[in-house]
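Asks: Here it is: the structure, laid out below.
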Ligand code: AMP
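Numbering (this note's numbering), first residue to last: 1145 to 1588.
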């Protein structure tokens, strides 16, 4: 199949050719005709499948062929993204696809001054890419009207809900014209997303180009069990042993990012970190330097996990497992993109066994464990499998104190299934739900 056979106009075909896109990816082959036909869409696609062009290219065609010229302080299409980085990236792609078209594009997000954004919007823009909070600010300050809006795109919709944007989204829907085209894209589809889809989509076409919640099969994944306090040491050991050149590392907290970056920089390693406490310009600079290989190791919180497109990234390391199991798929989706192979290594301590179990259940696979010599954990990580079961040894009966008091030593410790006495009912599913809901995360 060719892009021309999908009915795309010449300026778009030329742009795609310049970018080296020879054939549509599966999500593009399905989404492009549907969007051109004016349908609402509910699309689930693996990360790195080309979904941005799947919605942006036909959208650009519709805006070129139909509708009035954009009015002052207006937008004709709105693409909502969960993070500033993703908004920048989606906008960069849209601008590339639009390079031969007489359309204007712009991205707005928080963390930077609002005034230049208000100035830019005065003339109106055909396609506006936005994060929800800043969009609402601009609307409330009368810098943006949405009555001309033809199309709404929700990109990474599940991530928006994870980040606690559901109230902002509800406010935004109220600002939009009732008659519009709505395209919902999400790498993974939770029940909440399906509920949302039911509320905002009109007779949508469902596109699912890959099995639900399955990580890219071009990524080789494994787990290294280790004690929590030895993770930094193990990381440095693996880095030296594997001669890692470009690695994206995920840590759970902002402090965790800073601590690892400090340690690596202290060892003379070219490392930098990005997280929500850092100003937007600093984050973007670190990301750009990582993309251009000026920074060897980029340590990030999940703010960087979604959608960031770094060409040929060979390795992702989960220094900590994500609290939300679906984030695992997004994190490792930064490697093994567009058919390349990649590796994803997770350093897992005993505390994280339930998260590991949730990830295995969600991705329907038991991750291979490779214990690193000299780093065997004292606190063993219990066996898990894709059924969502964690095998826990039952508590031993307390020995009477008089016998020496040593009986408490193993109480509450996780152990391997093989250690359990056969007659004991020791195998208990302790967690069946794949997502660990810690409540909505606060935006910056
Ligand atoms: P996305 O999933 O939209 O983030 O795209 C992932 C990567 O695939 C980006 O680097 C795109 O530029 C690239 N890409 C998207 N569509 C195609 C295509 N049809 N052929 C080759 N590369 C593509």
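Yeah, the Cβ is synthetic: ideal placement off N, Cα and C, and Gly gets one too.
Assuming residue 1433 and residue 1421 make a contact with CB atoms under 8 Å, what is their CB distance in whole Å?
Replies: About 19 Å; that fails the 8 Å criterion.
Asks: Give a yes or no on whether the C-beta atoms belonging to residue 1250 and residue 1275 are separated by under 7 Å.
Replies: Result no, Cβ atoms of residue 1250 and residue 1275 do not sit closer than 7 Å.
Asks: What runs of the beta strand (DSSP E), each 3 residues or longer, lie entirely inside the region 1216 to 1271?
Replies: The region 1216 to 1271 contains these whole beta strand (DSSP E) runs: 1219 to 1224, 1249 to 1252.
Asks: For my contact list, residue 1389 and residue 1440 are in at a C-beta cut-off of 8 Å; report their separation, rounded to the angstrom.
Replies: That pair is a contact at about 6 Å.
Asks: Just the Cα atoms here: how many angstroms apart are residue 1169 and residue 1519?
Replies: Roughly 43 Å between the two C-alpha positions.
Asks: On the DSSP bridge list, what partners appear for residue 1186?
Replies: Per DSSP, 1328, 1350.
Asks: For a test of your reading of the model: does the CB of residue 1593 fall under 6 Å from any non-hydrogen atom of ligand 1? Yes or no.
Replies: Coverage of the chain is limited to positions 1145 through 1588, which leaves residue 1593 absent and any answer about it impossible.
Asks: For ligand 1, I want to know if residue 1485 counts as a neighbour, meaning its beta carbon is within less than 6 Å of at least one of the ligand's heavy atoms.
Replies: Checking every heavy atom of ligand 1 against the Cβ of residue 1485, none is found closer than 6 Å.
Asks: Specify, as a first and last residue, the run of the beta strand (DSSP E) that residue 1365 falls within.
Replies: Run containing residue 1365: 1363 to 1369, per the beta strand (DSSP E) assignment.
Asks: With a 10 Å radius around its C-beta and 16 neighbouring C-beta atoms as the bar for buried, classify residue 1148 as buried or exposed.
Replies: Residue 1148 is exposed by the Cβ-count criterion.
Asks: Roughly how many whole angstroms lie between the Cα atoms of residue 1366 and residue 1497?
Replies: Going from the Cα of residue 1366 to the Cα of residue 1497 covers about 14 Å.
Asks: Run through DSSP, which three-state label would residue 1464 get?
Replies: Three-state result, residue 1464: coil.
Asks: Looking at residue 1307 and residue 1369, is the spacing between their C-beta atoms short of 7 Å?
Replies: In this structure, residue 1307 does not lie closer than 7 Å to residue 1369 by Cβ.
Asks: Here's a check: name, in chain order, each residue in its chain whose Cβ is nearer than 6 Å to the Cβ of residue 1546, leaving out the five neighbours to either side.
Replies: Note that residue 1546 scores a pLDDT of 42, beneath 50, so its modelled location is shaky; the value from the coordinates is reported in the next line. Taken in chain order, the list of residues that qualify is empty.
Asks: Please go through the same chain and pick out, in chain order, the residues whose beta-carbon is closer than 7 Å to the beta-carbon of residue 1419, but skip the five residues on each side of it.
Replies: Result list for residue 1419: 1398, 1401, 1444, 1445, 1447, in chain order.
Asks: Is the CB-CB distance between residue 1196 and residue 1171 below 7 Å?
Replies: No, the pair does not count as a contact, with Cβ atoms beyond the cut-off.
Asks: Check whether the Cβ of residue 1165 lies closer than 6 Å to any heavy atom of ligand 1, and answer yes or no.
Replies: Residue 1165 Cβ: within cutoff of ligand 1.
Asks: Is residue 1437 helix, strand or coil when you go by DSSP?
Replies: Note: residue 1437 maps to coil in three-state DSSP.
Asks: Can you tell me whether residue 1436 is buried or exposed, with buried defined as 16 or more other CB within 10 angstroms of its CB?
Replies: By the 10 Å Cβ count, residue 1436 comes out exposed.
Asks: DSSP three-state label for residue 1153, please.
Replies: Coil.
Asks: Buried or exposed for residue 1470, please, with buried defined as at least 16 other CB atoms from any protein chain shown within 10 angstroms of its CB.
Replies: Counting Cβ neighbours within 10 Å, residue 1470 comes out buried, since at least 16 surround it.
Asks: Between which residues of its own chain and residue 1384 is the CB-CB distance below 8 Å, once the five residues before and five after are set aside?
Replies: Counting only Cβ-Cβ distances below 8 Å, and skipping sequence neighbours, we find nothing.
Asks: If you check the beta carbons only, do residue 1293 and residue 1217 fall under 7 Å apart?
Replies: The answer is no: Cβ separation not under 7 Å.
Asks: Assuming residue 1400 is part of the alpha helix (DSSP H), what are its boundary residues?
Replies: Residues 1398 to 1410.
Asks: Classify residue 1257 as buried or exposed, calling it buried when 16 or more other Cβ atoms lie within 10 Å of its own Cβ.
Replies: So residue 1257 counts as exposed.
Asks: Taking the straight line between their C-alpha atoms, what separation do you get for residue 1187 and residue 1330?
Replies: Using only the alpha carbons, I get a separation of about 6 Å.
Asks: For residue 1208 versus residue 1245, is the C-beta spacing smaller than 7 Å?
Replies: Closer than 7 Å, so yes.
Asks: Am I right that residue 1476 and residue 1460 are in contact with their C-beta atoms under 8 Å? What's the rounded C-beta distance?
Replies: Sure, about 5 Å apart at Cβ, within 8 Å.
Asks: State buried or exposed for residue 1174, treating a residue as buried only when at least 16 other CB atoms are found within 10 Å of its CB.
Replies: With 16 or more other Cβ atoms within 10 Å, it is buried.
Asks: Please list, in chain order, all residues of the same chain as residue 1528 whose beta carbon is under 6 Å from its beta carbon, the five residues on each side excluded.
Replies: If we look at residue 1528 and ignore the five residues flanking it on each side, its Cβ neighbours are 1500, 1501, 1504, 1534.
Asks: What does the alpha-carbon distance come out to for the pair residue 1146 and residue 1160?
Replies: Approximately 11 Å between the Cα atoms of the pair.
Asks: Note down the Cα distance separating residue 1431 from residue 1479, rounded to an integer number of angstroms.
Replies: So the alpha carbons of these two residues sit roughly 15 Å apart.
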